[in-house]
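First the structure, in the form of C-alpha cells, and then the observations on it.
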Amino acid sequence: MQCLVTGAAGFIGSHLCERLLRDGHQVVGVDAFIPYYPRPLKEANLMGLLPHPRFRFHSLDLRTDSLDQALEGAETIVHLAAMPGLVRSWTDFDLYNSCNLTATQRLLEAAGNLSGLRRFIYGSTSSVYGKNASGDETLPTRPCSPYGVTKLAGELLCRSHLEERGLPLVVTRFFSVYGPRQRPDMAYNKFVRALLEDQPITIFGDGQQVRGNTFVEDCVSALVAVMDAPVGETYNLGGGETATLLDVLGRLERIAGRKARVVHGEAREGDQRFTGADTSKLLHHLGWKPRVGLDEGLARQVEWQRGAAARKVA
Ligand SMILES: NC(=O)c1ccc[n+]([C@@H]2O[C@H](COP(=O)([O-])OP(=O)(O)OC[C@H]3O[C@@H](n4cnc5c(N)ncnc54)[C@H](O)[C@@H]3O)[C@@H](O)[C@H]2O)c1
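Take -18 as the starting number for the sequence shown in my numbering and just add one per residue.
Rendered as C-alpha cells:
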C-alpha cells in the first residue's frame, strides 16, 4: 500500500514511517521543518528513513506548496503535521491557525482528487476535551487552549469533507505520547535532559496533573490498526498507565540514578488537569491495546536521551 505521512520528520511521524516500511509499504513523507524546535533534531529523526528504497521524502509546506506530486497514488494518508504544544499557541496564534487549519484544508482539497484513497487519518489530541480529558470518546469537547481549539477545528474541517465529499476519514485523539525522539519542549524530555545535565527542573503548578502516558510504539501500532477502522469513527488513543507529573519524575530519578532539583513555577494557562484515555473502543473495534508499561517506556526514553546527548542531537 502507498502511505503518505505528513509531519514525517517529527516525533510520532518518523516512528510511523519506520513501522510502515517494516510492514512492507511504500511510504511518502512530507515535512516543512517548522523551526518550533531545531531542524537538526528533525533531520536526525529522518536519518534511518532517507536511505530506504521504499521511502520518498518531500520537503514542502502544506500551507503554500503544491501537493499534487507528493499525493500521487496515495492510498492512505496519515495527517500528523501540525504546530503542537499549548504554550506558544497563546502568543503565536497565526502559526497555529495556519499550520493546523490552512494546511489541513489544503491537504483535504488535494486528497479529494485521489481516486484510490482508502483512509485519511487525522492525528488529533486529548486537548480537544479541555481540562479534564478522562474517559471515552463521548466526553464533551471543550478545549481550553488555542492549540486545542485549532486541533478541534481541524477535526471538524475533516468531518465536513467526510460528510459532503465522502472523505474516508478516521480521527485518532492522542494522549501524551512519550518515548525516544519525544519533542524537546515536552515535559518528560525536559525532565530527563535536566537530570542528565544536573540542571534544575521546573514543575509548573502543583505537579499533580495526571497524564495518560502513551508509549510512541503503542501510538504507532494504533495508527496502523485504524487504517482498517470503519470510516467516520473517532478513537481515543492512550496508554494503559496514568501518572502524575511528580510520580513520573520520581520514576525518572530511579531510572537515571540521579536526584532532581525541583523548582516550582506558576501553572500554565490552558494546561490540562487530568488526561486518561478509555481505549475500549479501539479494543472492541480493532483488537488494539497498549503494550508498553510506563517504567519500561520511560527507561527507553532515558536510554535514547543518553545516547542522543552523547551524539549531541537532543
Ligand atoms: N506528542 C504528543 O504527545 C501529541 C499529543 C497529542 C496530539 N499530538 C499530535 O500529533 C501530531 C504529531 O505531533 P509530534 O509530537 O510528533 O510533533 P512534531 O512537532 O515532532 O511533528 C510535527 C511535524 O509537522 C511538521 N509541520 C508542521 N506544520 C507543517 C506544514 N505546514 N507543512 C509541513 N509540515 C509541517 C513539523 O515540521 C513537524 O516536524 C501533531 O498533529 C500533534 O498535534 C501529539
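Ideal placement from N, C-alpha and C gives every residue a C-beta, glycine not left out. It should be emphasised that the depicted structure is a prediction, and the values quoted were computed from it without experimental measurement.
Local conformation of residue i per DSSP, three classes
| i | result |
| --- | --- |
| Cys125 | coil |
| Tyr103 | strand |
| Ala(-10) | coil |
| Arg164 | coil |
| Gln286 | helix |
| Thr260 | coil |
| Phe74 | helix |
| Thr85 | helix |
| Gln253 | coil |
| Ser141 | helix |
| Tyr110 | coil |
Pick from the options that is closest to residue i, judged by C-alpha positions
| i | options | result |
| --- | --- | --- |
| Asn94 | Gly278, Ile58, Ser108 | Ile58 |
| Ala168 | Asp228, Gln(-17), Gly221, Gly274 | Asp228 |
| Glu284 | Leu177, Ala206, Cys125 | Leu177 |
| Leu88 | Val212, Leu43, Pro127 | Leu43 |
| Ala289 | Leu275, Gln190, Trp269, Pro161 | Pro161 |
| Glu247 | Phe172, Tyr216, Gly188 | Gly188 |
| Gly147 | Gly213, Val201, Ile182 | Gly213 |
Span of the beta strand (DSSP E), counted from its first residue to its last, around residue i
| i | result |
| --- | --- |
| Thr183 | 181 to 185 |
| Val8 | 7 to 12 |
| Gly116 | 113 to 116 |
| Val59 | 57 to 60 |
| Asn217 | 215 to 218 |
Near ligand 1: residue i beta-carbon under 7 Å from a heavy atom
| i | result |
| --- | --- |
| Met64 | yes |
| Tyr17 | yes |
| Lys171 | no |
| Thr57 | no |
| Lys297 | Residue coverage of the chain in this structure runs from -18 to 295, which leaves residue 297 outside it and unanswerable. |
| Cys80 | yes |
| Leu(-15) | no |
| Asp75 | no |
Assumed close pair residue i, residue j - CB separation to whole angstroms, cut-off 8 Å
| i | j | result |
| --- | --- | --- |
| Phe38 | Leu27 | 7 Å |
| Ser70 | Pro127 | 4 Å |
Unbroken alpha helix (DSSP H) run spanning residue i, endpoints
| i | result |
| --- | --- |
| Arg20 | 20 to 27 |
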